[in-house]
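Asker: My questions all concern the structure below.
Numbering (the numbering used here), first residue to last: 1 to 399.
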């Protein structure tokens, strides 16, 4: 007889075979490096799939968060040899160079290269996703074509930019316009003018080069989904509450509101729910204080017991702070371990592919202001270098 249990995201009771492994904090933001507390097997496959595309995906692929992912990533590159990769900066959908009907061009940049991603035009649902429908990127037949124009001749940056593109577009067809490739190259190709499609892509490249030669701007359009962060935070708070209190938490009225917030697709209806917090776009920017407390290139996650409420506070790489209430149920709060009375935190650093924690939140704060040394944080700091020590790209003196 198969064992049945309740999915924490939808609340439905299903057979064990219907469940899958879920990263509460997404892989793309360093969730894979966090300890078991941030992972669960009590989410059904349907909710896991929906969350990955429409909840986590909408937040991760939003324009501001693509920039967060690239912030301070340079600090984790080795200056001695090009072994790392950088997240690409998304600049939007190009408006003044047009591909063939039914396609659009996304413009991405990294140190050492300009990158054009030519893909199918999407329906409005995906306009606020950098790169369009994330499901296409996992299928070779739908992942589109990527054209790389190197902007640096420095071998270090040539290698790093190509590796970065390969990591970002693993399934797409990839071309390089201004690098002679070896005959046995498989990861990248040169554009072939005898191929009809590639000939049109060459036309696109020449139009871009013409804009630069004439000193004209490339006009891009970026769409932002203003409430994608709220749905994402509701999901995380729901899962964290379950990790701390089990099904007693998911049965509470507030947890049911979080569940509605996670599942409600209409962004105009979600603000009507009784969920308390402040999302990324409406979050707190602490200025110089935030600069001192943020972790360069990393996400800091803290569970704090404040005024008879339990909250999740997430600090992004740039120092922007977002938070959400997990619960205010006194009977649940009384069950918390003493460590949560002062706060518990974790730091995950995707560019370094590592994370530390849990640790007492006051210890983190004391370390960041230089009052004490926390060994795990000191070791994490040792992975961070000085970007000025990296090889010069040749672009430093350009406008």
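We treat Cβ as the ideally placed atom computed from N, Cα and C, and that holds for glycine.
Alpha carbons only, please: which of 377, 352 and 329 is nearest the one belonging to residue 346?
Answerer: Comparing Cα-Cα distances from residue 346 to each of 377, 352 and 329, the minimum goes to 377.
Asker: In chain order, what residues of the same chain have a beta carbon less than 8 Å from the beta carbon of residue 100, not counting five sequence neighbours either side?
Answerer: Closer than 8 Å at the Cβ level, and outside the excluded window around residue 100, lie 200.
Asker: How long is the line joining the alpha carbons of residue 205 and residue 91, rounded to whole angstroms?
Answerer: For residue 205 and residue 91, the distance between alpha carbons rounds to 17 Å.
Asker: Which runs of the alpha helix (DSSP H) fall wholly inside the region 174–233 and span at least 4 residues, in chain order?
Answerer: DSSP runs (the alpha helix (DSSP H)) wholly in the region 174–233: 196–213.
Asker: What first and last residue would you give for the beta strand (DSSP E) that runs through residue 114?
Answerer: Note, residue 114: beta strand (DSSP E), 113–120.
Asker: If contacts are defined as beta-carbon pairs under 8 Å, then residue 327 and residue 310 qualify, I think. What distance do you get, rounded to the angstrom?
Answerer: Right, the Cβ-Cβ distance comes to about 5 Å (below 8 Å), so this counts as a contact.
Asker: Do you know how far the Cα of residue 121 is from the Cα of residue 187?
Answerer: Whole-angstrom Cα-Cα distance: 25 Å.
Asker: Would a C-beta distance cut-off of 9 Å place residue 223 and residue 63 closer than the cut-off?
Answerer: It is a contact, given that the beta carbons lie within the stated cut-off.
Asker: Please name the residue or residues paired with residue 159 in a DSSP beta bridge.
Answerer: In the DSSP output, where bridge partners are listed per residue, residue 159 has none listed.
Asker: With distances taken from CA atoms, which of 39, 61, 306 and 173 is nearest residue 226?
Answerer: For the residues 39, 61, 306 and 173, the minimum Cα distance to residue 226 belongs to 61.
Asker: Classify residue 47 as helix, strand or coil using the three-state DSSP reduction.
Answerer: Three-state DSSP puts residue 47 in a helix.
Asker: So if DSSP puts residue 53 in a beta bridge, which residue, or which two residues, is it bridged to?
Answerer: None, per the DSSP bridge assignment.
Asker: Below 9 Å between beta carbons: does that hold for residue 270 and residue 231?
Answerer: It is a contact, given that the beta carbons lie within the stated cut-off.
Asker: Taking the beta strand (DSSP E) that residue 90 falls in, what are its first and last residues?
Answerer: Residues 89–94.
Asker: Roughly how many angstroms lie between the CA atoms of residue 363 and residue 321, to the nearest whole one?
Answerer: If I take the Cα positions, the gap works out to 19 Å.
Asker: Distance check for residue 129 and residue 58, CA to CA, integer angstroms please.
Answerer: Residue 58 and residue 129: Cα-Cα distance of roughly 6 Å.
Asker: Where does the unbroken alpha helix (DSSP H) through residue 253 begin, and where does it stop?
Answerer: Its alpha helix (DSSP H) spans residues 253–263.
Asker: Have a look at 161, 330, 6 and 145 and flag the residue whose alpha-carbon is nearest the alpha-carbon of residue 174.
Answerer: Of 161, 330, 6 and 145, the residue nearest in Cα terms is 145.
Asker: Count the other CB atoms, across all protein chains shown, that sit within 10 Å of the CB of residue 401; report buried if there are 16 or more and exposed otherwise.
Answerer: The chain is shown only over 1 to 399; residue 401 falls outside these bounds and no answer can be derived.
Asker: Do you know how far the Cα of residue 96 is from the Cα of residue 83?
Answerer: Answer to the nearest angstrom: the Cα atoms are 36 Å apart.
Asker: Just curious, the alpha helix (DSSP H) that residue 381 is in, first and last residue?
Answerer: Looking at the DSSP string, the run of the alpha helix (DSSP H) that includes residue 381 is 375–381.
Asker: Of the residues 118, 104 and 313, which one's Cα is nearest the Cα of residue 147?
Answerer: Minimum Cα distance to residue 147 is reached at 118.
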